[in-house]
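Q: Sequence order for the protein chains is A and B. Its first residue numbered 4, the first sequence is counted upward by one per residue in this note's numbering. Its first residue numbered 71, the second sequence is counted upward by one per residue in this note's numbering. Note that beta-carbon positions come from the ideal geometry of N, C-alpha and C, so glycine has one too. Please read all numbers here as calculations on a predicted model, not as lab measurements.
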Amino acid sequence: MIGTEHDPQEVTRILFRDFPLWMMVVFYMAAVCALGSFAYGTYAQIRKYRRGVRSGAWSPFVERFVGMVRDVLSHRTVKRRDTSAGIAHAWIFFGFGLLFIGTSVITLEYDILGPLTGLTFWHGRFYLVFSLILDVAGVGLIGALLYMMYRRKWLGLPKLDYARPDRIPEDPDYDRSFYRREDWAFLWILILIAVTGYILEASRLVWLQHDATVWDYRWWSPFGAIIAHFLQAVGVGSEGGAEFRMGLWWFHGLLAFAFIGLIPYTKVKHIFTAMGSLMARDPDAKCHLPMADVDEEKIGFSELTDFTDKYLLNFDACTKCGRCHEACPANAAGYPLSPRDLVLSLRELADDKLSDVRLPEGPIEICGDGVNQIRPETLWSCRTCGACTEICPVGVEHLPMIVQMRRALIEEGEFDPVLQPTLRSLQKSGNALGESRRKRPRWTRKLDFAIKDARAEPVEMLWYVGDYASFDPRSQKVTIAFAEILHEAGVDFGILNEDEQTAANDVRRIGEEGLFQAIAEANIELLAECDFKSIVTTDPHTFNTIKNEYPELGGTYRIEHASAVLERLIREGTIQIPKNLSYRVTYHDPCHLGRLNNGFEPPRHVLSELGADLVEMPRSKDNSFCCGAGGGRIWLPEPPELQKPAEIRVQEAAEIGGLDVLVVNCPKCLNMMEDGVKGSGNENNFRIMELIELVAEAMTAGKPGQDDGAQEAVEVA
Amino acid sequence: MKILVAVKQVSVLDDEFEMRDDGRDVDEDFFEKDLNEFDHFAVEEALLIKEASGGEAEVVIVTVGDDDADDALRTALAKGAERGVRVWDDSLVDADSVTIAKVLAKVVEREDPDMVFTGAQSVDFGHAATGMALAGLLGWPHAAVVSKLDFKPGDENATIHRELEGGLEEIMSVTCPAVLSIQLGINQPRYASLRGIRQARQKPVDELDLSDLGLSAETVKAASRVRRMYAPERGQAEIIEGSVAEQAARLAEIVKELRGA
């Protein structure tokens with residue numbers, strides 16, 4: 004409480020009392036050095052980013068800035084999938100932020116406003132309330148820092164292990180121990196600043212215990228006051244407090260200056276780089292790849308300076324939190340790819356090559372076997388499932404970077420020769436399976452009705468069948484079942500027969516951009532000649548590219564995934580589900596439908612309508628674990644010595660126990676999981692079925708005269 | 071230094087097809103066109119020699135075919151050849167290997183290359199004769215099914231390996247210029263991206279007809295012609311079981327059946 008013996012306005016923060024002139028000079032010189040170091044470092048970093056291609060990713064500025072501020076203040080992205088670390092980070096962020104603001108306000112008053120205008124406000128009630136807030140913030144900061152230390156030291160989180168899957172222990176850059184030391188230095192320097200701040204505050208109180216404008220108000224800094232009483236209790240008097248205060252003042256101050264001066268050169272810079280990166284974040288980065296002019300001299304990223312300024316900033320925004328490392332299916336299965344390590348390699352390459360006053364002579368090759376270079380096999384390990392890009396709390400966009408680098412590799416022919424027949428088949432016949440165009444609609448021969456030819460007559464719904472659904476023998480059963488369901492439901496639908504080509508989602512993701520554009524343009528031209536209201540497909544890859552990537556090439560359509568259509572038809576009563584399937588099932592979200600396009604709910608509604616008992620796997624919805632097929636990986640053989648991502652996924656399902664069916668919702672997932680269920684030794688434990696097959700089973704099972712087995716119905720289908 | 075690579079656009083047959091009305095070929099609706107598989111290796115070999123010499127060689131692709139064959143030509147150009155030559159005349163529709171070789175021989179005279187590569191054979195007709203006939207017409211040495219080649223620009227001789235029956239390998243030396251027919255597996259052909267194929271449209275292609283080469287429809291008249299093409303009925307085999315008498319009875323039955331037909 005503010006006493007009455009003195010003017011309450013005298014109550015203020017004691018700054019430089021008892022400082023001789025030389026100390027003031029030294030202090031201000033140190034401040035200028037720290038700010039100078041900060042300013043130069045910031046300039047050098049910005050110069051580095053500007054050596055990339057201009058992206059314009061920060062406009063519209065205001066809108067993006069507001070969005071970034073919202074993300075930062077809510078800590079939305081930092082809390083995802085690691086709530087405790089997110090909360091601790093929030094305490095550090097707000098604690099540090101408030102203390103920084105407090106200090107800045109003092110500087111503002113003492114060094115700028117005061118001398119210029121004579122205006123002062125750092126006293127009285129304003130000061131006291133601020134003092135209380137800062138005291139609490141400091142304790143939050145220290146507590147959170149201690150938790151972070153505990154987390155690093157004792158939780159043994161695999162995602163915080165920087166050892167690289169793409170290097171062997173003998174390699175010089177294998178364990179990245181520099182980063183570990185930097186992490187600890189960062190935590191220690193912060194905690195030392197905070198703790199010395201409290202002891203400094205307490206020493207000041209003890210020193211000035213006879214000054215009523217200080218001592219009477221000590222409980223406005225409750226934690227400092229407690230320490231002050233403790234100091235008194237151990238016998239520290241006013242003079243001792245003064246000495247303590249002087250020593251700590253310098254220690255605390257110089258440490259804080261060192262911290263500020265080091266920001267641009269250390270991981271501390273993530274304060275700014277993460278904000279800049281979040282601002283530039285493309286919400287569609289996971290589902291829509293950057294367009295390229297295929298008539299340009301070159302395509303993709305082969306040199307470091309091909310990266311945009313935004314991606315160069317992305318490298319520096321990475322805080323090595325490991326969320327992408329943990330989510331990556333390639334990494335989990337032991338492939339030489341970790342999205343985090345990829346970004347860190349590029350960061351180190353950029354730091355090494357783009358930081359000097361002059362750029363090095365000649366091109367800075369990205370791919371190769373050198374230190375910090377990216378190995379082609381790393382890029383080919385990616386499944387483009389988007390898990391890294393989607394979970395990154397600071398907006399790093401690994402996926403488009405990887406595809407951009409793949410584009411250059413494809414152009415240079417740097418890829419597994421196994422892929423060549425596939426790409427040539429795509430060029431020649433518009434499908435990846437080496438089949439002729441004429442063979443595409445051959446699955447329809449097994450139907451006892453004719454499907455309309457959408458090229459020749461108007462249809463309500465144009466069914467874009469896709470490669471695997473057309474040719475893969477296992478998927479054909481599903482394709483036939485879907486045709487029968489649509490027929491049964493009286494839907495007016497048609498297909499493109501032999502004129503359909505792959506929608507080319509994976510062609511784009513493997514990096515064959517020219518072929519993607521050629522096929523997509525041909526498809527758009529074909530669709531323009533057809534009369535239909537909407538498109539449906541059972542293939543999430545087809546769904547994704549037509550929905551998100553065709554509009555840029557001039558093809559905008561209403562498109563639904565089969566699961567959404569089924570959900571609608573069941574909800575509207577068009578499809579009758581006469582029988583409940585009492586299976587215990589789990590559902591595997593296809594990346595391209597779920598994480599990339601938020602198609603989480605319709606398939607789950609369908610399962611619940613079917614009466615299935617759905618038990619979720621630990622990783623589901625946005626955190627679904629890719630089957631391993633995406634990004635063209637389905638065309639490449641998996642090395643026998645490695646576990647397949649699909650096997651890991653099936654094993655995850657097997658751990659549920661008592662499972663009847665692992666439900667998939669994508670032809671490629673079906674292909675991979677059928678393999679995975681055998682490879683993991685689970686083929687006698689549960690079946691892999693498409694959602695469509697379950698719907699067909701439920702529809703047929705209830706019909707009179709056909710109740711002798713759902714299994715058979717599916718076989719017939 | 072110049073290497074001329076002769077390539078062919080081949081027809082890849084669908085697994086279900088119908089014959090043309092005249093019964094001399096498959097209806098072209100059931101074909102897909104592609105660059106001959108062997109020619110990928112021939113082009114690659116030429117490019118490897120060029121690249122190993124630091125670009126001291128010019129690689130020229132030549133094909134005999136109509137507009138359609140441009141796709142094959144562009145694919146080969148996209149891989150890194152300098153330019154192309156395409157020869158066509160409607161009178162070449164029924165050309166056989168020797169006729170094609172006559173046309174190619176004129177192109178060789180015109181281009182004056184140091185080496186000519188062809189694929190060992192084409193995957194659609196498989197005569198494996200064009201390269202040999204070309205060498206004969208030019209009076210140059212020829213080597214068939216070359217599986218390894220040691221040659222660099224300026225060499226007077228090329229050392230080649232050939233795979234023979236029984237796993238034998240023959241090493242021979244030929245004086246240049248020569249015609250070499252390249253076998254599959256001699257190298258790992260590079261991929262021509264679609265973007266590369268599109269951009270290869272910028273590369274120069276000489277489109278020639280017979281008169282440009284001093285030939286006429288008469289001089290390229292084929293000496294052989296396809297009379298009929300058909301899918302023979304599948305042969306059948308049957309293992310006859312039972313006692314000797316039963317087997318004999320069944321055998322007699324089959325003989326009667328076949329004679330009756």
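#1: Which class does Glu693(A) belong to by DSSP, given the choice of helix, strand or coil?
#2: Quick one: is Lys289(A) buried, meaning 16 or more other Cβ sit within 10 Å of its Cβ, or exposed?
#3: Examine chain B for any beta-carbon lying closer than 8 Å to the beta-carbon of Pro420(A), and answer yes or no.
#4: State buried or exposed for Cys94(A), treating a residue as buried only when at least 16 other CB atoms are found within 10 Å of its CB.
#5: Using Cβ-Cβ distances below 8 Å, what residues of the segment 436-468 of chain A are close to chain B?
#6: Could you check the C-alpha separation between Leu599(A) and Pro225(A) for me, to the nearest Å?
#7: List, in chain order, every chain B residue whose beta-carbon is nearer than 7 Å to that of Gly634(A).
#8: With DSSP as the reference, label Asn227(B) as helix, strand or coil.
#9: Does any CB atom of chain A fall closer than 8 Å to the CB of Asp336(B)?
#10: Out of Lys536(A), Asp470(A), Leu572(A) and Gln520(A), point me to the one whose CA is closest to Leu489(A)'s CA.
#11: Check whether the segment 278-286 of chain B and the segment 182-201 of chain B touch, using three or more Cβ-Cβ pairs below 8 Å as the test.
#12: Does Ser243(B) come out as helix, strand or coil in the three-state DSSP assignment?
#13: Can you tell which of Gly660(A), Ile651(A) and Glu563(A) has its C-alpha closest to the C-alpha of Arg587(A)?
#14: Could you spell out where the beta strand (DSSP E) holding Val216(B) opens and where it closes?
#15: Under 8 Å, Cβ to Cβ, is there at least one residue of chain A near Phe100(B)?
#16: Can you have a look at Arg298(B) and say buried or exposed, based on whether 16 or more other CB atoms are within 10 angstroms of its CB?
#17: With 7 Å as the C-beta to C-beta threshold (strictly closer), list the residues of the segment 102-116 of chain B near chain A in chain order.
#18: Could you name the residues of the segment 515-527 of chain A whose beta carbon sits closer than 9 Å to any beta carbon of chain B, in the order they occur along the chain?
#19: Using a Cβ-Cβ cutoff of less than 6 Å, which residues in the same chain neighbour Ser473(A) once the five nearest sequence positions on both sides are dropped?
#20: Specify the secondary structure class of Met294(A) as computed by DSSP and reduced to three states.
#21: If the cut is a Cβ gap below 7 Å, which residues of chain A does Leu204(B) touch?
#22: Closest to Pro476(A) by C-alpha separation, out of Ala486(A), Pro670(A), Phe129(A) and Leu340(A), would be which residue?
#23: Taking any Cβ of chain B, which residues in the segment 390-423 of chain A have a Cβ under 7 Å from it, in chain order?
#24: Are Gly684(A) and Ala649(A) closer than 8 Å when you measure CB to CB?
#25: Using a C-beta cutoff of 8 Å, does Ser432(A) count as contacting chain B?
#26: Taking the C-alpha atoms as reference points, what is the distance between Asp74(A) and Arg221(A)?
#27: Do you know how far the Cα of Trp446(A) is from the Cα of Thr589(A)?
#28: Please tell me whether, using a cut-off of 7 Å, the distance from the CB of Cys630(A) to the nearest non-hydrogen atom of the ligand SAH is below it.
#29: List the residues of chain B that Ile302(A) touches, going by C-beta distances under 9 Å, in chain order.
#30: Could you pull out every residue in the same chain whose Cβ sits closer than 8 Å to the Cβ of Val618(A), ignoring the five residues on either side in sequence?
#31: At the level of alpha carbons, what is the spacing between Val129(B) and Thr229(B)?
#32: Pop quiz: Ser627(A) and Gly597(A) are said to be a contact at Cβ under 8 Å. What is the actual Cβ separation, rounded to whole angstroms?
#33: Taking the beta carbon of Gly121(A) as the centre, do at least 16 other beta carbons fall within 10 Å, making it buried, or is it exposed?
#34: Where does Lys270(A) fall in DSSP's three states?
#35: Tell me, to the nearest whole angstrom, how far the beta carbon of Leu694(A) is from that of Val666(A); I am working on the premise that it is less than 8 Å.
#36: Under 8 Å, with one C-beta from each stretch per pair, do the segment 327-345 of chain A and the segment 367-387 of chain A reach the 3-pair mark?
A: Reading off the structure:
#1: Working through the first sequence from its first residue, we reach residue 693(A) at position 690. Reduced to three states, the DSSP call for Glu693(A) is strand.
#2: In the first sequence, the residue the question calls residue 289(A) occupies position 286. Around the beta carbon of Lys289(A), 16 or more other beta carbons lie within 10 angstroms, which makes this residue buried.
#3: Reading the first sequence from its first residue, position 417 is the one you call residue 420(A). By this cut-off, Pro420(A) is an interface position.
#4: Locating residue 94(A) in the first sequence gives position 91, where the first residue counts as 1. Looking at the sequence itself, residue 94(A) is Trp, so the reference to Cys does not match. By the neighbour-count rule (16 or more Cβ atoms within 10 Å), Trp94(A) is buried.
#5: Within the segment 436-468 of chain A, the residues whose Cβ lies closer than 8 Å to some Cβ of chain B are Ser439, Arg440, Arg441 and Lys442, listed in chain order.
#6: Position 596 of the first sequence holds residue 599(A). Position 222 of the first sequence holds residue 225(A). Straight through space, the alpha carbons of Pro225(A) and Leu599(A) are spaced by roughly 50 Å.
#7: Position 631 of the first sequence, counting from 1, holds the residue named residue 634(A). Ordered by position in chain B, no residue passes the 7 Å Cβ test against Gly634(A), which lies about 17 Å from the chain.
#8: Sequence index remark: in the second sequence, residue 227(B) carries index 157 (1-based). Strand, per DSSP.
#9: Chain B is shown from 71 up to 331; residue 336(B) falls before or after that span and cannot be answered.
#10: In the first sequence, counting from the first residue as 1, residue 489(A) sits at position 486. Of Lys536(A), Asp470(A), Leu572(A) and Gln520(A), the smallest CA-CA separation from Leu489(A) is found for Leu572(A).
#11: As far as the Cβ criterion goes, the segment 278-286 of chain B does not touch the segment 182-201 of chain B, which means the pair count is below three.
#12: Looking up residue 243(B) in the second sequence gives position 173. Assignment of Ser243(B) by DSSP, reduced to helix, strand and coil, places it in the strand class.
#13: Working through the first sequence from its first residue, we reach residue 587(A) at position 584. For the residues Gly660(A), Ile651(A) and Glu563(A), the minimum Cα distance to Arg587(A) belongs to Gly660(A).
#14: Your numbering for residue 216(B) matches position 146 in the second sequence. It spans His212 to Asp220 - the beta strand (DSSP E) in which Val216(B) sits, taken as one unbroken run.
#15: As a first step, residue 100(B) must be located in the second sequence, where it is residue number 30. Closer than 8 Å: yes.
#16: Against the second sequence, residue 298(B) aligns to sequence position 228. Arg298(B) comes out exposed.
#17: Within the segment 102-116 of chain B, those residues whose Cβ lies closer than 7 Å to any Cβ of chain A are, in chain order, Glu102 and Asp104.
#18: So the close ones are Glu515, Glu516, Gly517, Leu518, Phe519, Gln520, Ala521 and Ile522.
#19: In the first sequence, the residue the question calls residue 473(A) occupies position 470. Arg443, listed in sequence order.
#20: Reading the first sequence from its first residue, position 291 is the one you call residue 294(A). Of the three classes helix, strand and coil, the one that applies to Met294(A) here is coil, per DSSP.
#21: As a working mapping, residue 204(B) is identified with position 134 in the second sequence. Those within 7 Å of Leu204(B) in chain A number zero; the least Cβ separation is about 27 Å.
#22: Along the first sequence, read from residue 1 onward, the residue named residue 476(A) stands at position 473. The shortest Cα separation from Pro476(A) among Ala486(A), Pro670(A), Phe129(A) and Leu340(A) belongs to Pro670(A).
#23: Those residues of the segment 390-423 of chain A that come within reach of chain B (Cβ to Cβ, closer than 7 Å) are Ile413, Glu414, Gly416, Pro420 and Gln423.
#24: Residue 684(A) sits at position 681 when you count from the first residue of the first sequence. Residue 649(A) sits at position 646 when you count from the first residue of the first sequence. Cβ distance not < 8 Å, so Gly684(A) and Ala649(A) don't count as in contact.
#25: Taking the first sequence and counting its residues from 1, one reaches residue 432(A) at position 429. Yes, its Cβ sits closer than 8 Å to a Cβ of chain B.
#26: Position 71 of the first sequence holds residue 74(A). Position 218 of the first sequence holds residue 221(A). Between Asp74(A) and Arg221(A), the C-alpha separation is close to 37 Å.
#27: The sequence position of residue 589(A) within the first sequence is 586, counting from 1. The sequence position of residue 446(A) within the first sequence is 443, counting from 1. Computed Cα separation, rounded: 29 Å.
#28: For the ligand SAH, the structure offers nothing, since it holds no ligand at all.
#29: Here residue 302(A) corresponds to residue number 299 of the first sequence, with the count starting at 1. What Ile302(A) touches in chain B: Ser263 and Arg265.
#30: Mapped onto the first sequence, residue 618(A) falls at position 615. Cβ within range, chain order: Arg587, Val588, Thr589, Ile659 and Leu662.
#31: In the second sequence, residue 129(B) corresponds to position 59, counting from 1. In the second sequence, residue 229(B) corresponds to position 159, counting from 1. Cα to Cα, Val129(B) sits roughly 20 Å from Thr229(B).
#32: Your numbering for residue 627(A) matches position 624 in the first sequence. Your numbering for residue 597(A) matches position 594 in the first sequence. The pair is a contact, with the Cβ atoms about 5 Å apart (cut-off 8 Å).
#33: By 1-based counting over the first sequence, the position of residue 121(A) is 118. Exposed, by the Cβ-count rule.
#34: Numbered from 1 along the first sequence, position 267 holds the residue referred to as residue 270(A). If DSSP states are grouped into helix, strand and coil, Lys270(A) belongs with the helices.
#35: Here residue 694(A) refers to the residue found at position 691 of the first sequence. Here residue 666(A) refers to the residue found at position 663 of the first sequence. With a Cβ gap of about 6 Å, Leu694(A) and Val666(A) count as contacting.
#36: As far as the Cβ criterion goes, the segment 327-345 of chain A touches the segment 367-387 of chain A, which means the pair count is three or higher.
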